[in-house]
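Presented below is the structure to which this report refers.
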Amino acid sequence: MKKNVTPVRNIIIETVDFLEEVFGSSPYFRVSDPIHSSKERMEAFEGKRLGYARFGGHPDHRELERLITIHEGGFATRVRSDGMGAVSMAIYGALETVGRHLIVILPVYGGTYAEATRFQTSLLYNASVTFLFANDPLLPQRFEEALTDETGAVFFEPLTNPTLDFVDLSMLDDIRRKQKNPPLMICDHTFLLGLIFPLHWGIDVVVCSGTKYLVNESAWPLGYCTVSRSTLEQYPGFWEAANQWATRHGGTLGCFEAWATKFAVSDVRRRMRKHGHNAMKVATFLASHPR
Numbered sequence: 054m055k056k057n058v059t060p061v062r063n064i065i066i067e068t069v070d071f072l073e074e075v076f077g078s079s080p081y082f083r084v085s086d087p088i089h090s091s092k093e094r095m096e097a098f099e100g101k102r103l104g105y106a107r108f109g110g111h112p113d114h115r116e117l118e119r120l121i122t123i124h125e126g127g128f129a130t131r132v133r134s135d136g137m138g139a140v141s142m143a144i145y146g147a148l149e150t151v152g153r154h155l156i157v158i159l160p161v162y163g164g165t166y167a168e169a170t171r172f173q174t175s176l177l178y179n180a181s182v183t184f185l186f187a188n189d190p191l192l193p194q195r196f197e198e199a200l201t202d203e204t205g206a207v208f209f210e211p212l213t214n215p216t217l218d219f220v221d222l223s224m225l226d227d228i229r230r231k232q233k234n235p236p237l238m239i240c241d242h243t244f245l246l247g248l249i250f251p252l253h254w255g256i257d258v259v260v261c262s263g264t265k266y267l268v269n270e271s272a273w274p275l276g277y278c279t280v281s282r283s284t285l286e287q288y289p290g291f292w293e294a295a296n297q298w299a300t301r302h303g304g305t306l307g308c309f310e311a312w313a314t315k316f317a318v319s320d321v322r323r324r325m326r327k328h329g330h331n332a333m334k335v336a337t338f339l340a341s342h343p344r
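Counting along the sequence shown from 1, when you hit position 228 you're at 281 in the numbering used here, and nothing is skipped either side.
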């Protein structure tokens, strides 16, 4: 004889309805957020109509951006399909709204260097670039001399890869704030993801290639750009211009990749600390090895 499961089913439905009424669509209520189609129009969490994911605000992107923003201690984040997508939107947003001069402290990622050198050779961008070196003992002096009223951004890596030169974030911040119109400080901390948090030290914009450490070494390409609240207040047009660049030039992260990456954000700090612990063990062993 077939059992009547309708009463049990009704109880389950009523319970779920009650929990949703209490907790809403909070991700803390669901075991996992749903994966949304990138193409079809849908209702966003607060009822806003959405179109293509490249316009920003897609539910899967937005949840990942929320988690990364919390991780970085920032105010807003835009995820991209790779690290260069994040780098380019930050640089172009600054050049369009702050100033047409860019300072790059070398070494930086090869793709970033190639993009920066194009400013010097292409009339399309109408911008100039000054290259400085992280290992220069006169870096503070040369940095101060390089700053002009047209300097829109300073781009650097806090610990350069692979030369391991340390860039003093506080020194750069103190010097640039002497300017009447201080340039944006854009920090690529891919190499130190989960170990330092530049926004806490006065840096305006953080860019990162999550391809390396965040998603476990090239499981899929991913990048993001995160800004602080003070950045939006001091440079009111920057974030809008950067996001418009991202929308116009593509580089949209896949919705499945966005959904899957959010699980990696929660433990990246622990993973990076473990990386450092293991590296120290290897280094200690090699330092004492007779060969």
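Beta carbons: idealized from backbone N, C-alpha and C, even for Gly.
Since we're looking at a predicted model, the values are computed, not measured.
Give the DSSP-derived three-state secondary structure of residue i in the structure shown.
| i | result |
| --- | --- |
| G205 | strand |
| V321 | helix |
| L212 | strand |
| G138 | helix |
| F250 | coil |
Buried or exposed: residue i, going by 16 or more other Cβ atoms within 10 Å of its Cβ?
| i | result |
| --- | --- |
| F338 | exposed |
| S281 | buried |
| D257 | buried |
| I239 | buried |
| F219 | exposed |
| R229 | buried |
| A169 | buried |
Hey, quick one: how far does the beta strand (DSSP E) through residue i stretch, first residue to last?
| i | result |
| --- | --- |
| R131 | 129–133 |
| T183 | 181–186 |
| H154 | 154–159 |
| I239 | 237–241 |
Determine the direct distance from the alpha carbon of residue j to that of residue i, and round the result to whole angstroms.
| i | j | result |
| --- | --- | --- |
| F196 | V207 | 10 Å |
| S262 | T243 | 6 Å |
| E116 | C278 | 15 Å |
| K315 | G276 | 13 Å |
| R323 | A143 | 28 Å |
| I156 | A313 | 35 Å |
| K334 | P160 | 28 Å |
| D227 | I158 | 16 Å |
Would you mind reading off the limits of the alpha helix (DSSP H) that contains residue i?
| i | result |
| --- | --- |
| S283 | 282–287 |
| V258 | Unbroken run through V258 is the beta strand (DSSP E), 258–262; no alpha helix (DSSP H). |
| D227 | 222–229 |
| N296 | 291–301 |
| D113 | 112–125 |
| Q194 | 192–199 |
Report yes if the CB atom of residue i is closer than 7 Å to the CB atom of residue j, and no otherwise.
| i | j | result |
| --- | --- | --- |
| V318 | L120 | yes |
| G304 | R133 | yes |
| F291 | T150 | yes |
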